[in-house]
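Read through the structure below, which is laid out as structure tokens, and then see the notes.
Protein chains: 2
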Amino acid sequence: MNKTALVPVAEGSEEIELVTIIDVLRRAGVAVTVASANGDGTLQISASWGTKMVADTTLEDCVGNHYDLIALPGGLPGSEHLAEHPLLDTMLRDQAAQGKLFAAICAAPALVLASKGLLLDKTATCHPNFQQSLQANVVDGAARVVVDGNCITSQGPATALDFALELVEQLCGVVKREEVAAPMVLTTTPTAYY
Amino acid sequence: MNKTALVPVAEGSEEIELVTIIDVLRRAGVAVTVASANGDGTLQISASWGTKMVADTTLEDCVGNHYDLIALPGGLPGSEHLAEHPLLDTMLRDQAAQGKLFAAICAAPALVLASKGLLLDKTATCHPNFQQSLQANVVDGAARVVVDGNCITSQGPATALDFALELVEQLCGVVKREEVAAPMVLTTTPTAYY
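Those protein sequence lines, which keep their order, are chains A and B. FYI, the numbering for the first sequence is 1 to 194, going by the numbering used here. FYI, the numbering for the second sequence is 1001 to 1194, going by the numbering used here.
Here is the structure:
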């Protein structure tokens, strides 16, 4: 059966991070649901740099569903909106407590995951602007991607592809990761810190 | 005065390439117009991997405007749709003839630019799947980005960030390129072939 992933999105989510997660997971055959955190039933958002995108559904419609992965794009104020969404709060806490995969990039590890205490016992990373205050174990500030058990974090737009490929590896294995990466013309070996 | 860029988009454009161009150019202060090639006045498209995006305007509404750059995302069938659009055909030929910047990535250098004869006297690149048949001078098949005068080409989703940063350098200079790249957490030096 296909793996499933929930990708929440809000006004001001970072569009490279958002779209790279969606694109790469779907290349791997993961069933991705892009869910609006707008809170008013609307699906369209304007991303950090003005790209207009339309979610597949609302977060409200995703409650009670099982997802193998919840992956958060960063961006401001997108990360703040995701942090404030009460249903996403519950979904993230349940996902972490059940040992299922949860992931975030850029500002989202700090403003969403760490602000909820979900990184307290984790090795993690985030955008350099937030690393010093991150309530997590930051071992290597230069690591593009950090995997600690069921938690995957990454730094920013330029590490989004490595992040998304790591999500593929965690969900579908390293062979699928390589199968997805090759036609995307990935000419350098991405490194992940474990 | 701000530099201006036109980014045409169609059903099946590759979303990482599309969004990376938009995002990075806007970070550099370039006034980017995302224009639908749907041809029926509608703005929403579904990208290669199902991401739903909304253009700013239609290509029809852009005719007669000056753009410092026209930059084409790849993807299938997006590149074919861009190739078939009669107004974009005229705009690309005028842009090239006037010595203004034009650029394409992935399938678009082959299916759009080369199919119109716009790469006949150019050194260029494209997705590896199209390089052998590319009607252009392909000097280095591994080059992530190739600049030849007013023409910039690149290989695929994993080279999209290098491509977009090269567009910034061509429009706004290398200092702006570095200013844009730093907060995106670009930890490797991209290389461009001239």
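We put the CB at the ideal spot given by N, CA and C, even for glycine.
Does the stretch 1032 to 1040 of chain B come into contact with the stretch 15 to 29 of chain A, if we say contact requires no fewer than three beta-carbon pairs (one atom in each stretch) closer than 8 Å?
no
Would you verify that the beta carbon of B:Q1044 is, or is not, closer than 8 Å to some beta carbon of chain D?
Among the protein chains in the structure shown, which are A and B, there is no chain D.
When DSSP labels each residue in this structure, what does A:Q44 get in the three-state scheme?
strand
Kindly confirm or deny that the stretch 1045 to 1054 of chain B and the stretch 151 to 169 of chain A touch, where touching means at least three C-beta pairs closer than 8 Å.
Verdict: no, contact absent.
Can you check which of these residues, A:L59, A:A114, A:C126, A:G99, is closest to B:P1196 by C-alpha distance?
The requested residue 1196 of chain B is not part of the displayed model; chain B covers only 1001 to 1194.
For the alpha helix (DSSP H) that contains A:M91, what are its first and last residues?
Per DSSP, A:M91 belongs to the alpha helix (DSSP H) from 86 to 97.
Can you name the start and end residues of the beta strand (DSSP E) that A:K100 belongs to?
Run containing A:K100: none; DSSP gives neither H nor E here.
Here's the rule: buried if 16 or more other CB atoms are within 10 angstroms of the residue's CB, otherwise exposed. What is B:A1142?
exposed
Shortest alpha-carbon distance to B:N1150 belongs to which of B:T1123, B:V1185, B:F1102?
Minimum Cα distance to B:N1150 is reached at B:F1102.
Counting only Cβ-Cβ distances shorter than 7 Å, please list the residues of the stretch 142 to 176 of chain A near chain B, keeping chain order.
A142, R144, Q155, G156, P157, A158, T159, L161
Starting from B:P1128, find everything on chain A with Cβ-Cβ shorter than 7 Å and list it in chain order.
V185
What is the residue span of the alpha helix (DSSP H) that B:K1052 lies within?
Segment 1052 to 1054 is the beta strand (DSSP E) holding B:K1052; no alpha helix (DSSP H) there.
Give the list of continuous beta strand (DSSP E) stretches no shorter than 3 residues that lie fully inside the stretch 1120 to 1188 of chain B.
Within the stretch 1120 to 1188 of chain B, the complete beta strand (DSSP E) runs of at least 3 residues are 1145 to 1148, 1151 to 1154.
Of the choices B:I1021, B:D1068, B:G1041, whose alpha-carbon is the least far from that of B:T1004?
B:D1068
Taking a contact to mean a Cβ-Cβ separation below 8 Å, would you say A:V9 touches B:I1016 in this structure?
no
Along chain A, in chain order, which residues have C-beta atoms closer than 8 Å to that of B:E1015?
Residues of chain A passing the Cβ test: V19, I22, D23.
Just list the residues that DSSP pairs A:I202 with in beta bridges.
No answer is possible for residue 202 of chain A: the residues shown for chain A start at 1 and end at 194.
How many Å lie between B:A1055 and B:I1022 at the Cα?
Each residue's CA atom was taken as its position, placing B:A1055 and B:I1022 some 11 Å apart.
Within 8 Å of any Cβ in chain A, is that where the Cβ of B:R1026 sits?
yes
Roughly how many angstroms lie between the CA atoms of A:M1 and A:C62, to the nearest whole one?
Those two C-alpha atoms are separated by around 19 Å.
Give the residues of chain B in contact with A:V54, contact being defined as C-beta atoms less than 8 Å apart.
Q1044, K1052, M1053, V1054
So what's B:S1115 in DSSP terms, helix, strand or just coil?
In the structure shown, B:S1115 sits in a helix (DSSP, three-state: H, G or I).
CB-CB length for B:V1185 against A:P86, believed under 8 Å:
In fact, because the Cβ distance is near 31 Å, the residues do not count as touching under 8 Å.
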